[in-house]
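Undergrad:
There are 2 protein chains.
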Amino acid sequence: MVVTIHDVARRARVSIATASRVLNGAETVRPDLARRVLAAITALDYRPNRVARRLRASTSQLWALIVPDFENVFFTRLSRGLEDVARLHDRCVFLGSSDDEFQKERRYLELALAERVGGLVIAPAEDDTDLSELIDAGVPVVVVDRPLVYNELVDTVISDNIAGGRLAAEHLQSRGYRKVACIAGPPNPTSSDRLRGFVRYVETSAPGMEVSAVIHGDNRFDGGYDAMGRLLMTAHQIDAIFVTNNLMTFGALKALAIAGVRVPSDLGVIGFDVVEFFQASGIAITSVNQDSRLMGRLAGERILSQRRPQSSRGQLLSLTPQLVVGESTPSRNVETTRAACQDGERTNADDVA
Amino acid sequence: MVVTIHDVARRARVSIATASRVLNGAETVRPDLARRVLAAITALDYRPNRVARRLRASTSQLWALIVPDFENVFFTRLSRGLEDVARLHDRCVFLGSSDDEFQKERRYLELALAERVGGLVIAPAEDDTDLSELIDAGVPVVVVDRPLVYNELVDTVISDNIAGGRLAAEHLQSRGYRKVACIAGPPNPTSSDRLRGFVRYVETSAPGMEVSAVIHGDNRFDGGYDAMGRLLMTAHQIDAIFVTNNLMTFGALKALAIAGVRVPSDLGVIGFDVVEFFQASGIAITSVNQDSRLMGRLAGERILSQRRPQSSRGQLLSLTPQLVVGESTPSRNVETTRAACQDGERTNADDVA
DNA sequence: CTGTTAGCGCGTTCAC
DNA sequence: GTGAACGCGCTAACAG
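So the sequences go chain by chain: L and H. Just so it is clear: in the first sequence, position 70 is 70 by our numbering, and no numbers are missing. Just so it is clear: in the second sequence, position 327 is 680 by our numbering, and no numbers are missing.
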């Protein structure tokens, strides 16, 4: 029924060993025999059975990718990046969504083990997720998005979230905003770093600027919506807001729209990971963005390089996020021309360095 | 190093055959032996090698999912649905993005074959994609989103896109819109059906209503943007527009915003698959939506049921899309209260049945 | 340079 | 009811 290396060998009138050698590109085969084998391969339309191959040579061509939620565009792009390098090297990637649930994550880790995967990329649900079994089994492991507490034996690819927060603060400063607030995520390293980078810059390097309020949300749409609502109750003086996550940014915008606060004339807004196709309705939102596809690619390349005998593990790759300027943070400086034709609620800008 | 069924058997002082029987739930094992085997399994923390198992019993626990673009939320949700049922049945799913390119799709199909997958779910790049190799190899195949021309040997799970188009037309009619336009996608079955359902309803069942213009785009943001631009040049009389795809809906909205056309006061808008987290900035867009997660689940269940000896293939599952009413299509009828406070460009509603 | 042979880990006939 | 032995398809030793 299905054609095996045996059939190829017989048709080429060689042994299966020779056929195997040709398949694996060994140089030590007589050219005419090699040609016969290749002819048989195309004639029979033979494709090697990767399952058998994997069983034999424990090095697997199947990778696993475990993330909290593939519906989040950050992770889908990351997966595309990983897929890019996997395809180039003839690997395939199987997917697991953990929904940030310990149980599901565990389940997929066991599956990965049972499948004898040749590599694992994971955005761990907890910062102490136990990866030791995979690591002990010699599987290359790369942690993305969120660093692990114990990370000597894995490679890590993350964003410099502190720099991301600072970038947002710098931008708001340069555009002349003074009283700013922040809607941050839950107290995990990723969110905390973004907040910390933001606040630290304002406090140390932005004279005359001030973080009037910080509110925490759940990184989801509703969390941003609620946080913005609370913010509107308390701090009326702010002229700009930094939201540390894409979905919360939209929640906040929704709340602002309902409250009748206009962006950017009444309030400047800067978000995080607000990718282009979110920018469709309404004005383009200024945002600090991660290149998640690149992160996926780098993760894949780390997997590949870990295979090499005792290459250095424990490597940390930290990418710097990029500022993408939209229409939600126009300049508030008096020098600029654009500021003139906005509505009347604007105040004059303070002196800027 | 890694524990095999051999180790289990030795520790339980039985043969590997007995150990295997226990693992596979055979009834014909003496209880005390079975208990010893189970004890050994937990003691050694044994996990069966799925690779070896797959090689032996050709029935595979690995599925493949091939879609054009995993970044499209429609497909990510579909994949979550498939994953839901895969996890429940201890399968895993590997992913391939074809980018609608014939070559990439072909490549992933070969990979699926070489991996001896136990099932394939595919949104084919072409309507005549050749799946015969997989089918001949006995792999259950389910086609989603876009039907195949030759579909006797596969199951198909799609949306009733004609009904989706009709739904949009009915809604616009019931809200009192009269002169409507449509931005449709490229001339593939999915897009054509949505357009056809829309136009047909207007022409046959909506007296006084008229499709003033139809423009085709590329299903991407820019396509919607350009199409809306052209539409604004030509047809000034329309009071609502139907866009047959989510990304184009946003492109159109962007063009409208730039042109100073306000939604919904100047123009009603209804889209397709505009999911909730797109609804964040600006007003909520009325939309005809598919339940893509459900489609993924159904696809997975078809895979499972195809395994059963000579179950009926060629089955077609057609889901009806749902209307989600937002704020972009308020009623234009004089009877309603809301119509009163809109700006002056409105005309009085015609008589409605 | 080539062919024969031994497993990789598991499920499954066969005898017992 | 149980165990020994074979083979799934392939690669990597080893002889020749």
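Virtual Cβ for every residue (Gly too), placed ideally from N, Cα, C.
(1) What residue does the beta strand (DSSP E) around residue 97 of chain L start on, and which one ends it?
(2) State the DSSP-derived secondary structure class of residue 203 of chain L, mapped to helix, strand or coil.
(3) Which residues of the region 100–114 of chain L have a Cβ closer than 9 Å to any Cβ of chain H? Give them in chain order.
(4) If contacts are defined as beta-carbon pairs under 8 Å, then residue 240 of chain L and residue 201 of chain L qualify, I think. What distance do you get, rounded to the angstrom?
(5) Are residue 127 of chain L and residue 149 of chain L touching if we call contact CB-CB under 8 Å?
(6) Would you call the region 37–49 of chain L and the region 60–74 of chain L in contact, with 3 or more CB pairs under 8 Å?
(7) Within its chain, find whatever has a CB closer than 7 Å to the CB of residue 600 of chain H; leave out the 5 residues flanking it on each side and keep chain order.
(8) Just the C-alpha distance for residue 366 of chain L and residue 137 of chain L, rounded to the nearest angstrom, thanks.
(9) Helix or strand or just coil, what does DSSP make of residue 363 of chain H?
(10) Can you find a CB in chain L that lies within less than 8 Å of the CB of residue 654 of chain H?
(11) Which chain L residues are close to residue 407 of chain H, counting only those with a beta carbon under 7 Å from its beta carbon?
(12) Taking only beta-carbon positions, decide if residue 202 of chain L is within less than 8 Å of chain H.
(13) Are the beta-carbon atoms of residue 546 of chain H and residue 514 of chain H separated by less than 8 Å?
(14) Please report the distance separating the alpha-carbon of residue 560 of chain H from that of residue 685 of chain H.
(15) If you run the structure through DSSP and keep just helix, strand and coil, what is residue 356 of chain H?
(16) Counting C-beta neighbours from all protein chains within 10 Å, is the total for residue 378 of chain H 16 or more, i.e. buried, or is it exposed?
(17) Let me confirm a value: residue 272 of chain L is counted as buried when at least 16 other C-beta atoms fall within 10 Å, else exposed. Which label applies?
(18) Please state the DSSP three-state secondary structure of residue 258 of chain L.
(19) Have a look at H:429, H:466, H:454 and H:372 and flag the residue whose alpha-carbon is nearest the alpha-carbon of residue 96 of chain L.
(20) Between the region 136–162 of chain L and chain H, which residues of the former have a C-beta closer than 9 Å to a C-beta of the latter?
(21) Nearest chain H C-beta to residue 48 of chain L closer than 8 Å, yes or no?
(22) Quick one: give me the first and last residue of the beta strand (DSSP E) that residue 639 of chain H is part of.
(23) Could you tell me the distance, in whole angstroms, from the CA atom of residue 446 of chain H to the CA atom of residue 656 of chain H?
(24) Is the separation between the beta-carbon of residue 295 of chain L and that of residue 81 of chain L shorter than 8 Å?
(25) Below 6 Å CB to CB, which residues in the same chain sit around residue 267 of chain L once its five sequence neighbours on both sides are set aside?
(26) Using 8 Å as the threshold, is the region 383–393 of chain H in touch with the region 362–370 of chain H, meaning 3 or more CB pairs across them?
(27) In chain order, what residues of the same chain have a beta carbon less than 6 Å from the beta carbon of residue 356 of chain H, not counting five sequence neighbours either side?
(28) Comparing alpha-carbon positions, which option in H:641, H:361 and H:426 lies nearest residue 675 of chain H?
(29) Quick check on residue 379 of chain H: does DSSP put it in helix, strand or coil?
(30) Going along chain H, which residues have a C-beta under 9 Å from residue 262 of chain L?
(31) Which two residues bound the contiguous alpha helix (DSSP H) that contains residue 304 of chain L?
(32) CB residue 470 of chain H to CB residue 416 of chain H, shorter than 8 Å?
(33) Please state the DSSP three-state secondary structure of residue 566 of chain H.
(34) Please state whether DSSP places residue 325 of chain L in a helix, a strand or coil.
(35) Looking only at its chain, what residues have a beta carbon closer than 7 Å to the beta carbon of residue 638 of chain H, apart from the 5 residues adjacent to it on each side?
(36) Beta carbon of residue 651 of chain H, beta carbon of residue 669 of chain H: below 8 Å?
TA: Here's the rundown:
(1) Following the DSSP letters along the chain, one finds residue 97 of chain L inside the beta strand (DSSP E) bounded by residues 92–97.
(2) helix
(3) Of all residues in the region 100–114 of chain L, only 104, 107, 108, 110, 111, 112, 113 and 114 come within less than 9 Å of chain H when Cβ atoms are compared, listed by chain position.
(4) The pair is not a contact, with the Cβ atoms about 14 Å apart (cut-off 8 Å).
(5) yes
(6) Touching, no.
(7) Listed in chain order, the non-local C-beta contacts of residue 600 of chain H below 7 Å within the same chain comprise 572, 573, 574 and 577, local neighbours out to five positions each way being set aside.
(8) The structure shown does not extend to residue 366 of chain L, since chain L is modelled only from 1 through 353, so no value can be given for it.
(9) helix
(10) no
(11) 51
(12) no
(13) yes
(14) 16 Å
(15) coil
(16) exposed
(17) buried
(18) Of the three classes helix, strand and coil, the one that applies to residue 258 of chain L here is helix, per DSSP.
(19) Ranking H:429, H:466, H:454 and H:372 by Cα distance to residue 96 of chain L puts H:429 first.
(20) 136, 137 and 138
(21) Closer than 8 Å to some Cβ of chain H, the Cβ of residue 48 of chain L qualifies, so yes.
(22) According to the DSSP assignment, residue 639 of chain H belongs to the beta strand (DSSP E) that extends over 639–642.
(23) 12 Å
(24) yes
(25) Only 261 meet the Cβ criterion.
(26) yes
(27) Only 397 and 399 meet the Cβ criterion.
(28) H:641
(29) Residue state, collapsed to three classes: coil.
(30) Within 9 Å Cβ-Cβ: nothing; residue 262 of chain L doesn't reach chain H, min ~12 Å.
(31) 292–307
(32) yes
(33) It is a strand residue.
(34) coil
(35) 602, 622, 624, 627, 632, 679 and 681
(36) Contact: no.
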